[in-house]
Amino acid sequence: MIRIYNTLSKKKEEFVPIEEGKVRMYVCGPTVYNFIHIGNARPMIVFDTVRRYLEHKGYEVNFVSNFTDVDDKIIKKANEEGVSADEISKRYIEECKKDMEGMNIRPATVHPLATQEIDGMIAMISDLMEKGYAYAVNGTVYFRTRRFAEYGKLSHKNLDDLQGGNRSLLVSGEDEKEDPLDFVLWKPKKEGEPYWVSPWGDGRPGWHIECSVMSRKYLGEQIDIHGGGEDLVFPHHENEIAQSEACSGKVFSRYWMHNAFLNIDNRKMSKSLGNFFTVREISEKYDLQVLRFFMLNAHYRSPLNFSAELMEASKNALERIQTAVDSLKYTAEHAAAEQMTDGEREQLKEADAFMEAFDRAMDDDFNTADAIAAVFDLVKYVNTHTGEGSSREAAQAFCGRIQRLCDILGIITEKQEELLDADVEGLIEERQAARKAKNFARADEIRNLLLEKGIILEDTREGVKWKRA
């Protein structure tokens, strides 16, 4: 039995899907105006792991995660570069997919794009207006927040407190609204911005309506799990509930899951502090499997602190698992005996305890930290009980078990052969030194080695330039 901490009820609940054996799951994806940062990576890794575990348990998972490809930040970046917003979003969707592949995040069942679902958004807004939940003023359409009686049920915020105390929580355009708490469903176009034709005038959708529409189109009016970072609880997810439930009259999502924030060296990540890292920058120093391993080393609801020391510790820990798998493969390849002995069968049975501990941890609100601890207990047991005298069958069986658990966590157990940027730079320096010393054989050897690894060198007047093939 899987238990999930539901933000809605503030407690762990037994997971019971709407349709037996099937899970409908929606996770808010990134706004694509630049390379994704490591804060974006956390929900991607967390919910990819949740999906993998649900599939391991036999569920058929329909996993939808969008790309927000129309937004103020995208428009700003496009204007800065003098290109279209479409060009910016397409470029960074492709870059995001490369980073996701590096982190071994499987593509969603569907990755909808907001710009391709505008008709559905116009239809949903029209429906909300007909039902009296929305109204238009000078080309802007607002949602009547107070009309939705349960507003605030996810964030556990009181409407009167919101209105009275914290002006920063309110949306701009106060003078036009019936109520300062009403939020935007459609906004009129501005000069130099992309727009679409609507009954209320040319413009574009508000952010909140996008996810409600994409979730409904690809998963239906009711879903099992809605996930995202805890920064989305209010107002984004709160507003999604209001829109979706006002339209359908049904509970939108049964379970709401939110991962906690990521800090850098115990401080909030921000460009102004200079502690802002993209996933691409991390990939220049580490295999992105290390980043995934690091993220899963903490429970998803715990704040996570990123530091160079913790990444090094994760790198070493991951290598311990990979080395154990390598050793077992070597043992299987060179084993004198083919069949398992009775003693080995007994050991394999004993190792079942670690598999059960793994499942227990994951059943308890996807506790990946305890699940990884179970993997290490298995690795330790295997290292103690296998070796030169082991049979091929036993070595393969133990290897298969470690790999199965790691695969559920999305951790690749094969050591990655690809060179990191720092390794490439090091070899280029060595090649330059060899050429200076007139050791052209060694210089050619290095060039060929890099070529084998997909690295192309170009000798220019400014020095050596390189790129990946």
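Per this note's numbering, the sequence shown runs over residues 38 to 506. Don't be surprised by glycine CBs; every beta carbon is placed ideally from N, CA and C.
Query raised in the report: By DSSP, does Gly333 sit in helix, in strand, or in coil?
Result: Contrary to the premise, residue 333 reads as Leu rather than Gly in this sequence. DSSP places Leu333 in helix when its eight states are reduced to three.
Query raised in the report: Do the region 393 to 409 and the region 78 to 98 make contact, defined as three or more Cβ pairs closer than 8 Å?
Result: Touching, yes.
Query raised in the report: Taking DSSP as the reference, what is the three-state secondary structure of Pro54?
Result: DSSP places Pro54 in coil when its eight states are reduced to three.
Query raised in the report: In this structure, what does DSSP give as the bridge partners for Phe343?
Result: Beta-bridge partners assigned by DSSP to Phe343: Ile301.
Query - Collapsed DSSP secondary structure at Asp363 in the structure displayed - result: Note: Asp363 maps to helix in three-state DSSP.
Requested in this report: Note down, in chain order, each residue of its chain lying with its Cβ closer than 7 Å to the Cβ of Ile162, except the 5 sequence neighbours on either side.
Outcome: In chain order, Ala171, Val178, Leu222, Trp223, Ile246 place their CB closer than 7 Å to the CB of Ile162, counting only its own chain and leaving out the 5 sequence neighbours on each side.
Query raised in the report: Could you give the residue range of the beta strand (DSSP E) that holds Pro225?
Result: Segment 220 to 225, the beta strand (DSSP E) holding Pro225.
Query raised in the report: Below 8 Å, can you find three or more Cβ-Cβ pairs linking the region 98 to 109 to the region 143 to 159?
Result: They touch, by the three-pair rule.
Requested in this report: In angstroms with no decimal places, state the Cα-to-Cα distance between Ser285 and Glu258.
Outcome: In a straight line, the C-alpha of Ser285 is about 7 Å away from that of Glu258.
Query raised in the report: In whole angstroms, what separates the C-alpha of Tyr70 from that of Lys110?
Result: Using only the alpha carbons, I get a separation of about 6 Å.
Query - Boundaries (first-last residue) of the alpha helix (DSSP H) holding Ala171 - result: Here Ala171 belongs to no alpha helix (DSSP H); instead the beta strand (DSSP E) covers 171 to 174.
Query raised in the report: Do Phe31 and Ile260 have their C-beta atoms closer together than 8 Å?
Result: What is shown of the chain runs 38 to 506, which leaves residue 31 out entirely.
Query - Which of helix, strand or coil DSSP assigns to Met392 - result: Helix, per DSSP.
Requested in this report: Compare the C-alpha of Glu139 against each of Ile448, Glu228, Glu462 and name the closest.
Outcome: As written in the sequence, residue 139 is Gly, which differs from the Glu given in the question. Ranking Ile448, Glu228, Glu462 by Cα distance to Gly139 puts Ile448 first.
**Report entry** Selected residue, minimal CA-CA separation from Leu199, among Lys386, Glu187, Pro217, Arg484
**Finding:** The alpha carbon of Leu199 has as its nearest neighbour, out of Lys386, Glu187, Pro217, Arg484, the alpha carbon of Pro217.
**Report entry** Neighbour-count burial assignment, Met137, 16 or more Cβ in a 10 Å radius
**Finding:** Met137 should be labelled buried.
Query raised in the report: Given a threshold of 16 other Cβ atoms within 10 Å of its Cβ, counted over all protein chains shown, does His273 qualify as buried or as exposed?
Result: Taking every protein chain shown into account, the CB of His273 has 16 or more other CB atoms within 10 angstroms, so this residue is buried.
Report task. Below 7 Å CB to CB, which residues in the same chain sit around Asp219 once its five sequence neighbours on both sides are set aside? Result -> Contacts found: Tyr179, Phe180, Arg181, Thr182.
Query raised in the report: Does DSSP put Phe185 in a helix, a strand or coil?
Result: Note: Phe185 maps to coil in three-state DSSP.
Report task. Would you be able to state if there are at least three C-beta pairs under 8 Å between the region 435 to 452 and the region 317 to 329? Result -> A contact exists between the region 317 to 329 and the region 435 to 452.
**Report entry** Expected contact under 8 Å - CB spacing of His295 and Val316 to nearest Å
**Finding:** Incorrect: roughly 21 Å between the Cβ atoms, too far for contact.
Query - Completely contained alpha helix (DSSP H) runs for the region 426 to 487, where each covers 4 or more residues - result: Within the region 426 to 487, the complete alpha helix (DSSP H) runs of at least 4 residues are 429 to 446, 458 to 473.
Query raised in the report: Between which two residues does the alpha helix (DSSP H) containing Met158 stretch?
Result: First-last of the alpha helix (DSSP H) with Met158: 155 to 167.
Query - Pair within 8 Å by beta-carbon distance, Glu51 and Arg61 - result: One thing to note: Glu51 has its Cβ no nearer than 8 Å to the Cβ of Arg61.
**Report entry** Counted within 10 angstroms of its Cβ, other Cβ atoms place Tyr367 as buried (16 or more) or exposed
**Finding:** Tyr367 should be labelled exposed.
**Report entry** Beta carbon of Trp293 nearer than 8 Å to that of Thr44
**Finding:** Yes, they are a contact pair.
**Report entry** Close beta carbons around Ala470, own chain, < 6 Å, minus the five adjacent residues each side
**Finding:** Hits under 6 Å: none found.
Query raised in the report: Does the region 431 to 438 come close enough to the region 378 to 390 that 3 or more CB-CB pairs lie under 8 Å?
Result: Three or more Cβ pairs closer than 8 Å define a contact, and the region 378 to 390 meets that threshold against the region 431 to 438.
**Report entry** Candidates Lys226, Cys65, Phe72, of which the one nearest Asp85 by Cα
**Finding:** Comparing Cα positions, the closest option is Cys65.
Report task. Have a look at Lys473, Ile278, Val461 and flag the residue whose alpha-carbon is nearest the alpha-carbon of Leu494. Result -> If we check each option's Cα against that of Leu494, Val461 comes out closest.
Report task. Mind the definition here: the region 349 to 368 touches the region 418 to 431 only if three or more C-beta pairs lie below 8 Å; say whether that holds. Result -> With a cut-off of 8 Å, the region 418 to 431 and the region 349 to 368 count as touching, because enough Cβ pairs lie within range.
Query - Same chain only: Cβ atoms within 6 Å of Leu207, ignoring 5 sequence neighbours per side - result: At Leu207, the pLDDT of 48 sits below 50, so the modelled position is not reliable and the matter cannot be decided from this model.
Query raised in the report: Residues in its own chain within less than 6 Å of Ile301 by CB, not counting five upstream and five downstream?
Result: The residues are Asn312, Phe343.
Query raised in the report: Which one of Glu118, Ile409, Ser249, Leu442 has the shortest CA to CA distance from Pro149?
Result: Out of Glu118, Ile409, Ser249, Leu442, the CA that lies nearest to the CA of Pro149 is found in Ser249.
Query - Nonlocal neighbours in the same chain, by C-beta distance under 8 Å from Asn195, ignoring five residues either side - result: Taken in chain order, the residues that qualify are Gly189.
Query raised in the report: What are the uninterrupted segments assigned as beta strand (DSSP E) that are 3 or more residues long and contained completely in the region 47 to 118, given in chain order?
Result: For the region 47 to 118, whole beta strand (DSSP E) runs of length 3 or above, ordered along the chain, are 48 to 51, 59 to 64, 97 to 102.
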